[in-house]
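Reminder that position 272 of the sequence shown reads as 1666 in our numbering, one-by-one numbering, no gaps.
Even for Gly, the Cβ is constructed at its ideal location relative to N, Cα and C.
This one's a predicted model, so the numbers in the text were calculated from it and none came from an experiment.
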Amino acid sequence: IPDPDAEKPEDWVDGPVMIDDTEDVKPEDWVDGPATIPDPDATRPEDWDDDMDGDWEAPVIANPEFKGEWKARQIKNPAYQGEWTAPMIDNPAYEEDEDLAVFNIGYVGIDIWTVKSGTIFNNILITDDIDYASKFGNSTWADFVEAEIAAKKVVDDIESKKLEEERKAKEAAAKEAEEKEKAEAKEDDVEADADVEAEADAEPVPKAAADAADDVFDELDEDDEDKVAAEKAAAAEKLAAEEAAAAEKLAAEEAAAAAEKAAAEKLAEVKAAKAKAAKAKTEKAKADKKASKKKAAKEAAKKAKQAAEEAAKKAAEAEKAAAADEDEDTVAHDEL
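Below, the structure written as C-alpha cells:
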C-alpha cells in the first residue's frame, strides 16, 4: 500500500514538463506589431472637405511584415521529476490465504469460435506445473495424435464418398426426369400427328367401306337378296351416321377456330384501346406539366415585375429622401 507516513520532498519538481529555452533570443527583424497599418498607397480624395468630412485618415490594412507575438522555443524541463507518489510498503493488515481460488473442479467448459469443422478437443488439463504439463501432453497427445489423424481421415473419406453418391444420385434423378419429359413430349407429338391423320382420312373411310360393302353384296346369291338389302340399309344408316358425326365434328372445329380468332381479334382491339388510352394519358400529363410550368413562369414573372416595381418605388422614395436631406444640410450650412 502507499506509505501513509511518506511526505513529498520540498525540492520535488512535478511541473511544468516543458519550459522556455533560456538561450533562445528574439530575432532582430522580428515584427510583433502592429497587426494593422495605414495603407501607404491610399491618397486623400480631391473633394475631401476637412470642415465637412473631418480630418482625413488613410484606410487600415493588414501589416504584411507582422509575425505575431514572439515566444521562446519550448524544451523539456531538466528538473522535472514527474508526479510524486508515496512509496509502497507491505500492507500490515494483509493475511495470506492458501485456500484462495482453490476449487474442486469436475468439469471444464470451453467456448471456441472456429471456421473449420472437425476439430477435436480432448484431455483437458489445468495446472501451473510446466514440467507436469509437458509430461502429460507427451503421454496423451503425442502418442495418439497420428492415430487420431488417421481416424479423422477415415471419417472424412466416408463423408466425401457419401456426398459424391448424393451428387451422382441427384444428377441421375435430374437426367431421368429430363428423359421422361422428352419422352412425354414425343408421345404428345405422335398423338397429335395421329389425330391430324385421322381427321384427314375421316371423309374417305366411309366411302371406301361402302365400296367394299357393294362388292361383297354383288357376290352374294340371289337367295340372300332380302338379307343383303337389310345389310345394305344398315350399312347405309351407319355410313350416314358416320358422315353426320364427321360433319358435326368439322363444324365444331370450325366454330372453335372462329371463336378463337374472334377472341384474338377482340383481345387485340382491347390491347390497342389500352395502348391508345395510355398514350392519351401520357400526352395529357405532358400537356398538364407544360401548362403548369407555363403558369408557374407567368406567376414568377408577375412576382418579379411586382418586386421590380416595389424596388423602383423604394428607390424613388430613397432618392427623394436623400434630396430632402441634402436640402436640409445646405440650409444648415448656409445658416452656419
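message: According to DSSP, simplified to helix, strand and coil, what is Ile1413?
response: strand
- request: May I have the straight-line CA-CA distance separating Ala1701 from Lys1707, to the nearest angstrom?
  value: 10 Å
query: When you compare each of Ala1712, Leu1633, Leu1644 and Ile1395 to Ala1487 by their alpha carbons, which one comes out closest?
result: Ile1395
- prompt: In whole angstroms, what separates the C-alpha of Asp1435 from that of Glu1459?
  reply: 16 Å
task: Can you grab the Cα-Cα spacing for the pair Val1407 / Lys1470, in whole Å?
output: 13 Å
Terminal residues of the beta strand (DSSP E) in which Lys1470 lies: Gln1468 to Lys1470
- request: Mind checking which residues open and close the alpha helix (DSSP H) that includes Ala1527?
  value: Ile1524 to Gly1531
message: For the alpha helix (DSSP H) containing Asp1445, name the first residue and the last one.
response: Asp1444 to Asp1447
task: Evaluate contact between the segment 1495 to 1511 and the segment 1429 to 1447, counting only Cβ atoms and requiring at least three cross-stretch pairs below 8 Å.
output: no
- prompt: Any heavy atom of the ligand ADP within a distance shorter than 7 Å of the CB on Trp1464?
  reply: In the structure on display, the ligand ADP does not appear, and there are no ligands present to speak of.
query: Can you name the start and end residues of the beta strand (DSSP E) that Val1454 belongs to?
result: Val1454 to Ala1456
Length of the line joining the Cα atoms of Ala1705 and Lys1692: 20 Å
message: With a threshold of 7 Å on Cβ separation, who are the neighbours of Gly1476 within its own chain once the five nearest residues in sequence on each side are excluded?
response: Asp1408
task: Report the partner residues of Ile1431 according to the DSSP bridge assignment.
output: Ile1455
- request: Please say whether Glu1463 and Asp1360 have beta carbons closer to each other than 8 Å?
  value: Because the chain is modelled from 1395 through 1730, residue 1360 falls outside the range shown and cannot be assessed.
message: On the CB-based measure, 16 or more other CB atoms within 10 Å of its CB, does Val1411 come out buried or exposed?
response: exposed
- request: Identify every residue that forms a DSSP beta bridge with Pro1396.
  value: Met1482
message: Using the three-state DSSP reduction, which class does Leu1644 fall into: helix, strand or coil?
response: helix
- request: Quick one: which unbroken beta strand (DSSP E) runs of 3-plus residues sit fully inside the segment 1491 to 1575? Chain order, please.
  value: none
Through-space distance from Ile1413 to Ala1495, alpha-carbon basis: 51 Å
query: For Pro1481 versus Asp1397, is the C-beta distance shorter than 8 Å?
result: yes
- request: Would you kindly work out how many angstroms separate the C-alpha atoms of Asp1551 and Ile1543, rounded to a whole number?
  value: 12 Å
task: Would you identify the three-state DSSP class for Glu1654, choosing helix, strand or coil?
output: helix
message: I'd like to know whether the C-beta of Arg1561 is nearer than 8 Å to at least one C-beta of chain D.
response: Judged by its chain identifiers, the structure shown contains no chain D, having just a single protein chain.
query: Which whole-angstrom value is the C-beta distance of Ala1456 and Ala1429, which I expect to be below 8 Å?
result: 7 Å
task: Return the chain-ordered list of same chain residues with a C-beta closer than 6 Å to the C-beta of Pro1403, the five sequence neighbours on each side being excluded.
output: none
query: Can you tell me whether DSSP reads Ala1487 as helix, strand or coil?
result: coil
query: If Thr1521 sits next to Ala1527, beta carbons under 8 Å apart, how far is it from one beta carbon to the other, in whole angstroms?
result: 5 Å
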